[in-house]
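Taking it in order: structure first as C-alpha coordinates, then the write-up.
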Amino acid sequence: VELLRISNITTLMEFVLLGFSDIPNLHWTLFGIFLVIYLTILMCNSIIILVTRIDSALQTPMYFFLGNLSFLEICYVTVTMPRMLMDLLTQKGNISFFACAAQMFFFLTFGSSECLLLTVMAYDRYMAICDPLHYPLIMNHKICIQLVAGSWISGIPVQIGQTFQIFSLSFCGSNLIDHFFCDIPPILKLACGDTSVSEMLVYIVAMLIVTIPFLLILISYSKIISTVLQLPSATSRAKAFSTCSSHLIVVALFFGSAIITYLRPKHSHSAGIDKVLSLFYTIVTPMFNPMIYSLRNKDVIMALRRLLFSQNICTIKTQTLHI
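In terms of full-length UniProt numbering, the sequence shown has 268 at position 268, counting the first letter as 1, and numbering is strictly consecutive.
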(Lines of atoms letter the chains of each structure in order from A; the text may use other names.)
(Lines give C-alpha, C1' and ligand atoms only; values in the text may rest on other atoms or scores of the structure.)
Protein backbone atom coordinates (compact mmCIF):
# COMPACT_ATOMS: atom_id res chain seq x y z
CA VAL A 1 0.00 0.00 0.00
CA GLU A 2 2.85 2.37 0.90
CA LEU A 3 4.59 1.64 -2.42
CA LEU A 4 1.33 2.32 -4.31
CA ARG A 5 0.90 5.63 -2.48
CA ILE A 6 4.46 6.69 -3.34
CA SER A 7 3.88 5.64 -6.97
CA ASN A 8 0.74 7.80 -7.18
CA ILE A 9 2.61 10.78 -5.74
CA THR A 10 5.39 10.29 -8.30
CA THR A 11 2.84 10.24 -11.10
CA LEU A 12 1.36 13.52 -9.87
CA MET A 13 4.74 15.25 -10.10
CA GLU A 14 4.88 15.04 -13.90
CA PHE A 15 2.61 15.35 -16.93
CA VAL A 16 3.26 14.54 -20.57
CA LEU A 17 2.11 16.98 -23.26
CA LEU A 18 1.09 14.89 -26.27
CA GLY A 19 1.03 17.94 -28.55
CA PHE A 20 0.95 16.81 -32.17
CA SER A 21 2.08 13.23 -31.52
CA ASP A 22 -0.91 11.95 -33.51
CA ILE A 23 0.80 13.20 -36.69
CA PRO A 24 4.44 12.07 -36.15
CA ASN A 25 5.35 12.30 -39.84
CA LEU A 26 4.80 16.07 -39.76
CA HIS A 27 6.91 16.86 -36.67
CA TRP A 28 9.74 18.53 -38.57
CA THR A 29 7.36 20.36 -40.89
CA LEU A 30 5.39 21.70 -37.91
CA PHE A 31 8.61 22.64 -36.13
CA GLY A 32 9.74 24.69 -39.15
CA ILE A 33 6.34 26.36 -39.58
CA PHE A 34 5.94 27.25 -35.89
CA LEU A 35 9.55 28.47 -35.63
CA VAL A 36 9.02 30.86 -38.55
CA ILE A 37 5.72 32.01 -37.02
CA TYR A 38 7.33 32.61 -33.60
CA LEU A 39 10.21 34.60 -35.08
CA THR A 40 7.72 36.58 -37.19
CA ILE A 41 5.66 37.40 -34.09
CA LEU A 42 8.77 38.54 -32.21
CA MET A 43 10.06 40.64 -35.11
CA CYS A 44 6.77 42.28 -36.14
CA ASN A 45 5.64 43.12 -32.62
CA SER A 46 9.12 44.44 -31.75
CA ILE A 47 8.95 46.75 -34.78
CA ILE A 48 5.55 48.05 -33.64
CA ILE A 49 6.96 48.71 -30.15
CA LEU A 50 9.96 50.51 -31.64
CA VAL A 51 8.03 52.82 -33.98
CA THR A 52 5.40 53.70 -31.36
CA ARG A 53 8.15 54.64 -28.91
CA ILE A 54 10.48 56.67 -31.13
CA ASP A 55 8.25 58.25 -33.79
CA SER A 56 6.95 61.64 -32.66
CA ALA A 57 3.82 61.34 -34.83
CA LEU A 58 2.71 58.24 -32.89
CA GLN A 59 2.87 59.73 -29.39
CA THR A 60 -0.88 59.43 -28.84
CA PRO A 61 -2.95 57.20 -26.51
CA MET A 62 -4.01 54.89 -29.36
CA TYR A 63 -0.41 54.04 -30.27
CA PHE A 64 0.65 53.91 -26.62
CA PHE A 65 -1.93 51.15 -26.15
CA LEU A 66 -0.87 49.49 -29.41
CA GLY A 67 2.77 49.37 -28.26
CA ASN A 68 1.69 47.79 -24.98
CA LEU A 69 -0.47 45.28 -26.85
CA SER A 70 2.52 44.27 -28.97
CA PHE A 71 4.68 43.78 -25.88
CA LEU A 72 1.89 41.76 -24.28
CA GLU A 73 1.66 39.57 -27.41
CA ILE A 74 5.38 38.77 -27.14
CA CYS A 75 4.96 37.71 -23.50
CA TYR A 76 1.79 35.78 -24.34
CA VAL A 77 3.27 33.62 -27.12
CA THR A 78 6.55 33.08 -25.25
CA VAL A 79 4.63 31.23 -22.52
CA THR A 80 3.64 28.44 -24.95
CA MET A 81 5.62 28.49 -28.20
CA PRO A 82 9.22 27.85 -27.04
CA ARG A 83 7.99 24.87 -25.03
CA MET A 84 5.99 23.58 -28.00
CA LEU A 85 9.01 23.97 -30.31
CA MET A 86 11.21 22.10 -27.85
CA ASP A 87 8.68 19.25 -27.63
CA LEU A 88 8.50 19.02 -31.42
CA LEU A 89 12.30 19.01 -31.64
CA THR A 90 12.92 16.40 -28.94
CA GLN A 91 9.63 14.52 -29.51
CA LYS A 92 9.23 14.47 -25.73
CA GLY A 93 6.52 16.31 -23.84
CA ASN A 94 7.47 15.72 -20.22
CA ILE A 95 6.60 18.71 -18.02
CA SER A 96 6.72 18.83 -14.22
CA PHE A 97 3.60 19.42 -12.15
CA PHE A 98 4.82 22.86 -11.03
CA ALA A 99 6.04 23.89 -14.50
CA CYS A 100 2.62 22.98 -15.88
CA ALA A 101 0.90 25.05 -13.18
CA ALA A 102 3.25 27.99 -13.86
CA GLN A 103 2.60 27.79 -17.61
CA MET A 104 -1.16 27.80 -17.05
CA PHE A 105 -0.94 30.75 -14.64
CA PHE A 106 1.13 32.95 -16.96
CA PHE A 107 -0.92 31.97 -20.00
CA LEU A 108 -4.21 32.82 -18.28
CA THR A 109 -2.78 36.02 -16.77
CA PHE A 110 -1.48 37.34 -20.10
CA GLY A 111 -4.72 36.24 -21.79
CA SER A 112 -6.74 38.15 -19.19
CA SER A 113 -4.53 41.20 -19.67
CA GLU A 114 -5.12 41.06 -23.42
CA CYS A 115 -8.91 40.93 -22.95
CA LEU A 116 -8.78 43.98 -20.69
CA LEU A 117 -6.31 45.89 -22.86
CA LEU A 118 -8.44 45.35 -25.98
CA THR A 119 -11.37 46.73 -23.96
CA VAL A 120 -9.31 49.78 -22.99
CA MET A 121 -8.42 50.31 -26.66
CA ALA A 122 -12.12 50.20 -27.56
CA TYR A 123 -12.83 52.79 -24.84
CA ASP A 124 -10.05 54.97 -26.26
CA ARG A 125 -11.64 54.85 -29.73
CA TYR A 126 -15.06 55.58 -28.20
CA MET A 127 -13.75 58.70 -26.44
CA ALA A 128 -11.82 59.88 -29.52
CA ILE A 129 -14.81 59.59 -31.86
CA CYS A 130 -17.84 60.16 -29.63
CA ASP A 131 -16.40 62.83 -27.32
CA PRO A 132 -13.45 64.43 -29.16
CA LEU A 133 -13.58 67.73 -27.22
CA HIS A 134 -12.96 66.04 -23.86
CA TYR A 135 -10.67 63.34 -25.28
CA PRO A 136 -7.30 65.09 -24.59
CA LEU A 137 -8.39 65.92 -21.05
CA ILE A 138 -9.73 62.46 -20.16
CA MET A 139 -7.16 60.31 -21.99
CA ASN A 140 -4.09 62.06 -20.62
CA HIS A 141 -0.78 60.25 -20.14
CA LYS A 142 -1.37 59.52 -16.45
CA ILE A 143 -4.78 57.94 -17.15
CA CYS A 144 -3.32 55.89 -20.02
CA ILE A 145 -0.61 54.49 -17.74
CA GLN A 146 -3.20 53.66 -15.07
CA LEU A 147 -5.43 51.89 -17.62
CA VAL A 148 -2.52 49.83 -18.94
CA ALA A 149 -1.31 48.99 -15.42
CA GLY A 150 -4.85 47.96 -14.49
CA SER A 151 -5.04 45.70 -17.54
CA TRP A 152 -1.77 43.99 -16.58
CA ILE A 153 -2.45 43.63 -12.87
CA SER A 154 -6.21 43.03 -12.53
CA GLY A 155 -6.16 39.43 -13.71
CA ILE A 156 -3.26 38.29 -11.49
CA PRO A 157 -5.17 37.55 -8.22
CA VAL A 158 -8.03 35.90 -10.15
CA GLN A 159 -5.69 33.63 -12.09
CA ILE A 160 -3.63 32.77 -9.01
CA GLY A 161 -6.84 31.55 -7.37
CA GLN A 162 -8.04 29.69 -10.47
CA THR A 163 -4.70 27.97 -11.10
CA PHE A 164 -4.36 26.98 -7.44
CA GLN A 165 -7.90 25.61 -7.39
CA ILE A 166 -7.38 23.50 -10.54
CA PHE A 167 -4.02 22.06 -9.45
CA SER A 168 -5.42 21.29 -5.99
CA LEU A 169 -7.57 18.60 -7.61
CA SER A 170 -6.60 14.94 -7.40
CA PHE A 171 -4.88 13.49 -10.49
CA CYS A 172 -4.83 9.77 -9.89
CA GLY A 173 -5.23 8.42 -13.41
CA SER A 174 -3.44 9.18 -16.66
CA ASN A 175 -0.88 11.98 -16.77
CA LEU A 176 -1.12 12.41 -20.57
CA ILE A 177 -2.32 15.90 -21.59
CA ASP A 178 -3.77 15.77 -25.10
CA HIS A 179 -2.72 19.33 -25.90
CA PHE A 180 0.41 21.33 -26.75
CA PHE A 181 0.34 23.37 -23.52
CA CYS A 182 -1.23 23.22 -20.05
CA ASP A 183 -4.69 24.65 -20.72
CA ILE A 184 -7.74 24.30 -18.48
CA PRO A 185 -10.00 21.88 -20.46
CA PRO A 186 -7.39 19.10 -21.00
CA ILE A 187 -6.16 19.39 -17.40
CA LEU A 188 -9.68 19.04 -16.00
CA LYS A 189 -10.14 15.87 -18.07
CA LEU A 190 -7.34 14.23 -16.05
CA ALA A 191 -8.80 15.11 -12.65
CA CYS A 192 -10.39 12.41 -10.52
CA GLY A 193 -13.76 12.71 -8.87
CA ASP A 194 -16.30 15.49 -9.26
CA THR A 195 -14.98 18.56 -11.13
CA SER A 196 -18.29 20.42 -11.31
CA VAL A 197 -17.14 23.13 -8.86
CA SER A 198 -13.97 23.72 -10.89
CA GLU A 199 -15.95 23.87 -14.12
CA MET A 200 -18.40 26.36 -12.59
CA LEU A 201 -15.50 28.56 -11.45
CA VAL A 202 -13.98 28.41 -14.94
CA TYR A 203 -17.29 29.64 -16.39
CA ILE A 204 -17.53 32.44 -13.81
CA VAL A 205 -13.97 33.63 -14.48
CA ALA A 206 -14.52 33.37 -18.25
CA MET A 207 -17.65 35.49 -17.92
CA LEU A 208 -15.77 38.13 -15.91
CA ILE A 209 -12.57 38.19 -17.96
CA VAL A 210 -13.82 37.34 -21.46
CA THR A 211 -17.56 37.83 -21.89
CA ILE A 212 -18.04 41.11 -19.99
CA PRO A 213 -15.10 42.86 -21.73
CA PHE A 214 -16.37 41.55 -25.07
CA LEU A 215 -19.85 42.99 -24.39
CA LEU A 216 -18.31 46.33 -23.35
CA ILE A 217 -16.38 46.40 -26.64
CA LEU A 218 -19.59 45.69 -28.58
CA ILE A 219 -21.40 48.49 -26.73
CA SER A 220 -18.53 50.90 -27.42
CA TYR A 221 -18.51 50.08 -31.10
CA SER A 222 -22.27 50.28 -31.45
CA LYS A 223 -22.04 53.89 -30.19
CA ILE A 224 -18.97 54.55 -32.36
CA ILE A 225 -20.75 53.30 -35.49
CA SER A 226 -23.84 55.37 -34.65
CA THR A 227 -21.67 58.49 -34.25
CA VAL A 228 -19.64 57.84 -37.40
CA LEU A 229 -22.74 57.40 -39.55
CA GLN A 230 -23.85 60.87 -38.48
CA LEU A 231 -20.64 62.52 -39.71
CA PRO A 232 -21.37 64.81 -42.69
CA SER A 233 -18.17 64.07 -44.60
CA ALA A 234 -17.60 60.76 -46.38
CA THR A 235 -13.86 61.23 -45.88
CA SER A 236 -14.31 61.61 -42.12
CA ARG A 237 -16.46 58.50 -41.99
CA ALA A 238 -13.89 56.49 -43.96
CA LYS A 239 -11.04 57.66 -41.69
CA ALA A 240 -12.99 56.84 -38.53
CA PHE A 241 -13.91 53.38 -39.78
CA SER A 242 -10.32 52.66 -40.86
CA THR A 243 -8.95 53.40 -37.37
CA CYS A 244 -11.54 51.09 -35.80
CA SER A 245 -11.67 48.22 -38.30
CA SER A 246 -8.19 46.89 -37.39
CA HIS A 247 -9.12 46.69 -33.72
CA LEU A 248 -12.44 44.99 -34.53
CA ILE A 249 -10.71 42.29 -36.61
CA VAL A 250 -8.30 41.53 -33.75
CA VAL A 251 -11.17 41.46 -31.24
CA ALA A 252 -13.17 39.05 -33.41
CA LEU A 253 -10.22 36.66 -33.82
CA PHE A 254 -9.14 36.66 -30.17
CA PHE A 255 -12.47 36.78 -28.34
CA GLY A 256 -14.25 34.50 -30.80
CA SER A 257 -11.87 31.57 -30.34
CA ALA A 258 -11.53 32.16 -26.57
CA ILE A 259 -15.30 32.25 -25.97
CA ILE A 260 -15.84 29.05 -27.97
CA THR A 261 -13.03 27.30 -26.06
CA TYR A 262 -13.98 28.21 -22.49
CA LEU A 263 -17.75 28.72 -22.63
CA ARG A 264 -19.00 25.91 -24.84
CA PRO A 265 -20.56 22.85 -23.09
CA LYS A 266 -18.19 20.21 -21.71
CA HIS A 267 -19.67 17.39 -23.83
CA SER A 268 -18.74 19.23 -27.02
CA HIS A 269 -15.03 19.41 -26.13
CA SER A 270 -12.68 17.32 -28.25
CA ALA A 271 -8.88 17.34 -28.30
CA GLY A 272 -8.66 18.11 -32.01
CA ILE A 273 -11.08 21.07 -31.92
CA ASP A 274 -9.47 22.42 -28.73
CA LYS A 275 -6.03 22.38 -30.37
CA VAL A 276 -7.26 24.17 -33.50
CA LEU A 277 -9.08 26.85 -31.46
CA SER A 278 -6.06 27.26 -29.20
CA LEU A 279 -3.84 27.82 -32.23
CA PHE A 280 -6.05 30.78 -33.15
CA TYR A 281 -5.72 32.71 -29.89
CA THR A 282 -2.17 31.59 -29.00
CA ILE A 283 -0.46 31.87 -32.42
CA VAL A 284 -2.64 33.18 -35.27
CA THR A 285 -3.92 36.32 -33.53
CA PRO A 286 -0.49 37.44 -32.20
CA MET A 287 0.98 36.88 -35.67
CA PHE A 288 -1.69 38.87 -37.50
CA ASN A 289 -2.08 41.70 -34.96
CA PRO A 290 0.96 43.75 -36.06
CA MET A 291 0.23 43.01 -39.72
CA ILE A 292 -3.40 44.12 -39.37
CA TYR A 293 -2.48 47.29 -37.53
CA SER A 294 0.42 48.21 -39.84
CA LEU A 295 -1.07 47.32 -43.21
CA ARG A 296 -4.40 49.04 -42.44
CA ASN A 297 -2.91 52.09 -40.71
CA LYS A 298 -1.35 54.89 -42.76
CA ASP A 299 0.30 56.49 -39.71
CA VAL A 300 2.15 53.27 -38.85
CA ILE A 301 3.19 52.75 -42.50
CA MET A 302 4.57 56.29 -42.66
CA ALA A 303 6.41 55.79 -39.36
CA LEU A 304 7.97 52.59 -40.72
CA ARG A 305 9.06 54.43 -43.87
CA ARG A 306 10.61 57.23 -41.80
CA LEU A 307 12.43 54.65 -39.68
CA LEU A 308 13.79 52.83 -42.74
CA PHE A 309 14.70 56.12 -44.43
CA SER A 310 16.64 57.34 -41.39
CA GLN A 311 18.46 53.99 -41.19
CA ASN A 312 19.40 54.27 -44.88
CA ILE A 313 20.74 57.79 -44.35
CA CYS A 314 22.83 56.63 -41.38
CA THR A 315 24.22 53.75 -43.46
CA ILE A 316 25.13 56.07 -46.36
CA LYS A 317 26.83 58.55 -44.00
CA THR A 318 28.82 55.74 -42.37
CA GLN A 319 29.93 54.40 -45.75
CA THR A 320 30.91 57.95 -46.86
CA LEU A 321 33.01 58.49 -43.75
CA HIS A 322 34.82 55.19 -44.32
CA ILE A 323 35.57 56.20 -47.93
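We treat Cβ as the ideally placed atom computed from N, Cα and C, and that holds for glycine. If you're wondering where the values come from, they're calculated on a predicted model, not measured in any experiment.
Taking 7 Å as the cut-off, decide whether the C-beta atoms of residue i and residue j are in contact.
| i | j | result |
| --- | --- | --- |
| L277 | I260 | yes |
| F65 | M127 | no |
| I224 | I129 | yes |
| G19 | F180 | yes |
| I217 | T60 | no |
| S46 | L72 | no |
| V210 | A258 | yes |
| V148 | P286 | no |
| R125 | C244 | yes |
| T163 | F105 | yes |
Output the boundary residues of the alpha helix (DSSP H) element that contains residue i.
| i | result |
| --- | --- |
| V284 | Per DSSP, V284 belongs to no alpha helix (DSSP H) and is neither H nor E. |
| residue 328 | Any question about residue 328 goes unanswered here, given that the chain covers just 1 to 323. |
| S233 | Segment: none, S233 is in no alpha helix (DSSP H) and carries neither H nor E. |
| N68 | 61-90 |
| S198 | 196-206 |
| P136 | 135-138 |
| I187 | 184-190 |
| P157 | 155-167 |
| I23 | Counting along the chain, I23 falls outside any alpha helix (DSSP H), and DSSP gives it neither H nor E. |
| H27 | 27-54 |
Name the residue from the options whose alpha carbon lies nearest to the alpha carbon of residue i.
| i | options | result |
| --- | --- | --- |
| F283 | V250, L307, M302 | The sequence given here places Ile at residue 283; Phe does not occur at that position. Taking only the C-alpha atoms, the option nearest I283 is V250. |
| F167 | Y135, S174, A102 | A102 |
| M291 | M13, T29, T40 | T40 |
| S198 | F214, Q165, Y221, S222 | Q165 |
| I23 | I204, G272, G173, L133 | G272 |
| P132 | A57, V228, S222 | V228 |
| I204 | P232, C182, R264 | R264 |
| G256 | Y281, A57, C100 | Y281 |
| C100 | N175, P232, L137 | N175 |
| L279 | L30, M13, N25 | L30 |
| G155 | F110, C182, A252, L137 | F110 |
| K275 | L231, C182, A252, A234 | C182 |
| K298 | Y38, L215, A57, W28 | A57 |
| M13 | Q230, S233, G173, A252 | G173 |
| Y63 | M139, S233, L190 | M139 |
| A252 | L215, K189, L208, P232 | L215 |
For the beta strand (DSSP E) holding residue i, just list the boundary residues, first then last.
| i | result |
| --- | --- |
| L17 | 14-17 |
| S96 | 94-96 |
What is the C-beta distance between residue i and residue j, in whole angstroms, given that I count them as a contact (C-beta under 8 Å)?
| i | j | result |
| --- | --- | --- |
| I177 | I187 | 7 Å |
| N289 | L108 | 19 Å between Cβ atoms; not a contact. |
| F15 | I95 | 5 Å |
| G93 | L42 | The Cβ separation is near 23 Å, so there is no contact. |
| A206 | Y262 | 4 Å |
| Y293 | S246 | 5 Å |
| S151 | L201 | Not a contact, Cβ separation roughly 22 Å. |
| C75 | P213 | The pair is not a contact, with the Cβ atoms about 19 Å apart (cut-off 8 Å). |
| A303 | D55 | 4 Å |
| Y123 | S220 | 6 Å |
With 7 Å as the threshold, decide whether the Cβ of residue i is near any Cβ in chain D.
| i | result |
| --- | --- |
| Y262 | Protein chains in the displayed structure number just one, and chain D is not present. |
For this session: Report yes or no: do the region 155-168 and the region 65-82 share at least 3 C-beta pairs separated by less than 8 Å?
Result: no
Exercise. Taking three-plus beta-carbon pairs below 8 Å as touching, is the region 30-41 in contact with the region 88-95?
Worked result: yes
Exercise. Taking one C-beta from the region 185-194 and one from the region 128-144 each time, how about it: are there three or more such pairs within less than 8 Å?
Worked result: no
Exercise. When the Cβ atoms of the region 298-309 are set against those of the region 50-59, are three or more pairs found closer than 8 Å?
Worked result: yes
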